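Residue numbers (our numbering): 5 to 135.
Here a beta-carbon is modelled for each residue, glycine too, at the ideal position from N, C-alpha and C.
Note that the structure is predicted; figures quoted are calculated from it, not measured.
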Amino acid sequence: MQKIKADAVGLIVLALLITLASFLISSEIIAKPLWIFIYLILASCGLFLWRRVGSIKKTRQWFFISILSFPAAVIWFWVSGAISYALHGNAVSDFSVSFDMAMALMFAPGLASIAFAGWIRAFYLEYFNKI
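Here it is, written out as structure tokens:
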């Protein structure tokens with residue numbers, strides 16, 4: 005029962021983060037109805053990561069994942085750009101650059117949001133396991 009409540013806390017935190025992002029990002033860039041789809045994807049990924057056997061149990065590890073997701077996205081963008089440049093030279097297409105940027109932006113904030121909500125969820129579980 006505690007895990008179900010912890011999942012609800014994590015999903016609420018994730019919903020708050022997505023709502024905040026939807027207010028910060030213009031409707032011209034991402035349409036408001038699309039944020040529901042984004043939340044459903046992040047919620048399903050979050051539930052999978054939080055519930056899978058052998059998942060992270062310590063609160064500190066969730067926090068570090070949320071922080072390290074941004075440098076990981078930068079490394080992804082740099083490595084994929086270097087590979088594209090090595091394969092195509094100066095003729096790297098705009099699609100390739102756009103795709104690499106989209107992947108980096110999708111993974112960094114998405115993973116950071118899931119990890120931050122997982123961090124709050126782990127605090128919730130830790131607090132109620134001590135009572």
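- Assignment of K9 by DSSP, reduced to helix, strand and coil, places it in the helix class.
- Nearest Cα to I60 within the set F132, A126 and N133: A126.
- Rounded to whole angstroms, the Cβ separation of F111 and A90 is 22 Å, and the two are not in contact under 8 Å.
- In terms of Cβ geometry, A10 and L115 do not form a close pair [threshold 8 Å].
- For I124, the CB contacts under 7 Å within the same chain, skipping 5 residues up- and downstream, are V13, G14 and V17 in chain order.
- Distances from the CA of I71 to each of S117, I34 and H92 were compared; the closest alpha carbon is that of S117.
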